[in-house]
Every structure is written in structure tokens, then in C-alpha cells.
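Peer 1:
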Amino acid sequence: MPNTWTHILFVDQLCERIERKDLLETSSLALHIGAQGPDPFFYHRFLPFLSAGDGEALGMQLHTQQCGPFLTDMIERGKEEKNTIQAYILGFVSHHYLDRVTHPYIHYHSGYEGNKHQELEVAIDTLMMQRVRNMKTWKIPVHKELKPDAIDSISHFLSDLIVEHYSDWSTDRAKKITKRSYKDMYLAQKLLFDPWYWKNKFLGAFVSSFSHQPLQDNRDYLNETKATWHHSATNDPSADSFLELYESAAKKGADLFTDILHYWSTPSQELLKAIEVKIGNISYDTGRPLEENQTNLYSSPIV
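Residue numbers (full-length UniProt numbering): 1 to 303.
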């Protein structure tokens, strides 16, 4: 999965593609929080002196189980919600679409050791924001895009969905972990912001894989040379660049956004069914239908 900034960029561009910049003007915070998808759960109790929590397990469930039904239910419930939750839903859906298309690329090029996955994601963040927005990620604090201002309504909405689709979670437990995870994501990104590099210098590996910094090498993180790589689960070959994968996800995501907004303005079971078919039931993690039971196995790390 790409990191914070790339997911923010992606949802912003989807809104621009469907000529709904008004969503960015009125609801950017909810869009950007939603665009982090299930990832906030991986920040749950992240500080090293705290005992491990259950957030990571919940995050993995959301990435790999009941993905399609969860998203379709989220969209259906959205027709009764106000602007903030609807924007959050659009962000969440955008996260899924970008993950399922680009995640095999990330896994293959980062491997499965330590924090290499995050290291590659952060590098891609820096390249994408520089290329598209002419923005230096290490100078702009991403945590300001993720303020947990609407955390109560978002936590209530998301925890109800979690309880509905994952039977091992109670409402109270899901709500507590959801609220804490969003707060921890904000805190983590605030702590990792390091425009003067002193945190990286003194804390080293504890922050370096997660903190946006200028890239000091010429590695082809985006595969602009069109080198062959292999799907992390199926081992199928591809020469697609990250930019091409991103564009593919954007085309499909913009089409789905149009359908979702139409459904919310004029709900019908026929349109909801069409949305359900488009989403399918695909893993965020492998990009493959869950019924295939695929596992990420293949890699050739560049980090």
C-alpha cells in the first residue's frame, strides 16, 4: 500500500477527475482521514514502551477478510449520512482501490523483512508528491491533514460496520480501538515529522523507515525503466510502472465515485448491485479475489 501522502493525493485527484472540487473545499479532512483506509489500526499503541494492542490484528482483518461486503455495506449506509461521513466513505473506498492495484508492486519491491515495506511506501510518497504537486514531503506536516476532529462520529460509524462483518469484535471494544487508532495515527505522524533531520539523526532506525526525507539515491522506485517484476502472490510478470498502476486505479476509482454519489442522491437497489459488482471481493493485500486464497510469497527487494 502507498503511504499517507499518496493516498491523500489519490483521493484528491479522484474528486478533481469527477469535477467535485467542492468536496475538497468542504470536507478535505474527512476525505483524507478516510483515505488512510484500515491503516490507522497499524498505529494502535505504537509507542515502544506500551504493550501491544489488538489494532494490528483488526487492520489485517479489514485488509484480507470480507473486503467487498464491508465496503458495499459502508456505501449503502452512507445514503443516510451527512457530508462528513460520506466524505470519509469516499476516502476509505479510494484507499481500497489504490491498495488492490499497487500492493503487489509494493510487496514485490520491498519484500517481507522488518520495515522495508514502509520504507518503500515513504519513498514513493516523496516522489509522487514532488512530481504531481511539486511538494517536499519532509517540509509539509502530513499530520495536519489527519486531525482527529471528527473522531467520535467516524469511530461510531466504523465500529458498527466492524461488528457487523467481523463477529469476534464487540461494539465497545471496536469503538475503543478505532478511536485510539485514529489518535495514535495522528500522534505518530506528528512525531515522525522531521524537517530538520535531527530525529532521524539521533533516533536512527526507530524513525528512518517511517519519516519522510529527501531521497539520497537514484533507485528506480517507480519502475520508470519498465523493468519486469512479478506479482507478489501469483508470480505473474509485469513491466508496469507505479505511475501506470496508479493511473489504472484512478480510472476505476473515478468511475466508482460517480456511481456512489449518484446512488446517494438517488438510491436504488439496481445501482447498489452495480456498485457491489464493480467492487467485487478483492483483498487489499494481494489484489486478488479472496476466494482464491492467495498469499504474498514473491519478492525482489529494491530497499
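Ideal placement from N, C-alpha and C gives every residue a C-beta, glycine not left out.
Output yes or no for whether 8 Å exceeds the beta carbon distance between Phe242 and Asn218.
Peer 2: Not a contact, by the Cβ cut-off of 8 Å.
Peer 1: Would you identify the three-state DSSP class for residue 382, choosing helix, strand or coil?
Peer 2: Residue 382 falls outside the range modelled here, since the chain spans only 1 to 303, and no answer is possible.
Peer 1: Relative to the C-alpha of Ser27, which residue among His212, Asp149 and Thr137 is closest?
Peer 2: Here the closest residue by C-alpha is Asp149.
Peer 1: In angstroms, rounded to a whole number, what distance separates the CA positions of Thr228 and Thr234?
Peer 2: Straight-line Cα distance between these residues: approximately 14 Å.
Peer 1: If distances are taken between C-alpha atoms only, which option among Lys190, Leu290, Leu261 and Ile154 comes closest to Arg20?
Peer 2: Ranking the options by Cα distance to Arg20, first place goes to Leu261.
Peer 1: Figure out for me which residue from Leu24, Glu16, His107 and Met74 has the closest Cα to the Cα of Val163.
Peer 2: Answer by Cα proximity: Met74.
Peer 1: Are there 16 or more other CB atoms within 10 angstroms of the CB of Val277, so buried, or fewer, so exposed?
Peer 2: Label assigned to Val277: exposed.
Peer 1: Nearest to Asp168 by CA position, among Gln65, Asn3 and Phe10, is which residue?
Peer 2: When only C-alpha atoms are compared, the closest one is Gln65.
Peer 1: By how many angstroms is the C-alpha of Lys183 removed from the C-alpha of Leu24?
Peer 2: If you take the alpha carbons of Leu24 and Lys183, they lie about 22 Å apart.
Peer 1: Closer than 8 Å is the cut-off here; do at least three beta carbon pairs connect the region 3-14 with the region 125-138?
Peer 2: Yes, they touch.
Peer 1: Could you tell me which whole alpha helix (DSSP H) segments of length 4 or greater appear in the region 159-193?
Peer 2: Fully enclosed alpha helix (DSSP H) runs of 4 or longer: 171-192.
Peer 1: In whole angstroms, what is the alpha-carbon distance linking Ala57 and Tyr284?
Peer 2: Ala57 and Tyr284: Cα-Cα distance of roughly 15 Å.
Peer 1: Got a sec, what are the start and stop residues for the alpha helix (DSSP H) Ser94 sits in?
Peer 2: Counting along the chain, the alpha helix (DSSP H) containing Ser94 begins and ends at Asn83 to Ser110.
Peer 1: Nearest-angstrom Cα distance between Pro69 and Leu215?
Peer 2: Looking at the two C-alpha atoms, the distance is approximately 39 Å.
Peer 1: Can His143 be considered in contact with the ligand HEM, in the sense that its beta carbon sits closer than 7 Å to one or more heavy atoms?
Peer 2: What this structure holds is no ligand at all, so the ligand HEM is not there to describe.
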